[in-house]
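Residue numbers (mature numbering (1 follows the signal peptide of the UniProt record, and there is no 0)): -18 to -1, 1 to 134. First up is the structure itself, then whatever we jot down about it.
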């Protein structure tokens, strides 16, 4: 009996010390990003190069959806998912149809389909900036990201 109790206590202690990714939400907001994300020591970080849309047809929302689907496949190739993403950088070209202003609303409409949902509640840190141009003429969106794999 004493051995069983000792083993149970030991198992609970080990579980309590398992390190997880810590995400600090934006206070009083359901915006699909975190203020900060902390990755525990010993986790593997995987850096993904910038991804452009498959086609330059469409607006920022359409191109963002394309980029995120391509990133979803790239993550899967590494045994990861959007739940493992800790940080993204988004580069937006001003949309000519919007007087060359970036379409933040379009970005967030697609982004919200992948982050902070009932199916995938994790929210990464994110930066979005407007740039003059991207390597693919007509592209409005490029995204790179960092994911973390916590060792179990």
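Here a beta-carbon is modelled for each residue, glycine too, at the ideal position from N, C-alpha and C.
Between residue i and residue j, which are expected to be in contact by the criterion C-beta below 8 Å, what is the C-beta distance as a whole number of angstroms?
i, j, result
"residue 102", "residue 65", "6 Å"
"residue 8", "residue 21", "About 19 Å; that fails the 8 Å criterion."
"residue 30", "residue 55", "With a Cβ gap of about 11 Å, residue 30 and residue 55 do not count as contacting."
"residue 129", "residue 68", "6 Å"
"residue 131", "residue 28", "7 Å"
Classify residue i as helix, strand or coil using the three-state DSSP reduction.
i, result
"residue 218", "Here the chain comprises residues numbered -18 to 134, so residue 218 is not present and cannot be evaluated."
"residue 31", "strand"
"residue 126", "strand"
"residue 37", "coil"
"residue 17", "strand"
"residue 121", "coil"
"residue 1", "coil"
"residue 114", "coil"
Please go through the same chain and pick out, in chain order, the residues whose beta-carbon is closer than 8 Å to the beta-carbon of residue i, but skip the five residues on each side of it.
i, result
"residue 125", "32, 33, 46, 49, 50, 53, 70, 71, 72 and 73"
"residue 133", "24, 25 and 26"
"residue 80", "none"
"residue 36", "48 and 52"
"residue 100", "none"
"residue 62", "28, 129 and 131"
Given residue i, which residues of its chain have a CB within under 6 Å of its CB, disregarding the five upstream and five downstream residues?
i, result
"residue 38", "120 and 121"
"residue 118", "34"
"residue 43", "88, 91 and 92"
"residue 108", "15 and 70"
Can you list, in chain order, the residues of its chain whose CB lies under 7 Å from that of residue i, leaving out five sequence neighbours each side?
i, result
"residue 14", "93, 94, 97, 98 and 105"
"residue 76", "82, 83, 84 and 112"
"residue 6", "16, 17 and 18"
"residue 115", "75"
"residue 60", "28"
I want to see whether chain C comes within less than 8 Å of residue i, judged by CB atoms only; does it?
i, result
"residue 128", "Here chain C cannot be found, since the structure has a single protein chain."
Item checked: 3-residue-minimum beta strand (DSSP E) runs that sit fully inside the region 21 to 105, ordered along the chain -> 26 to 33 and 67 to 75
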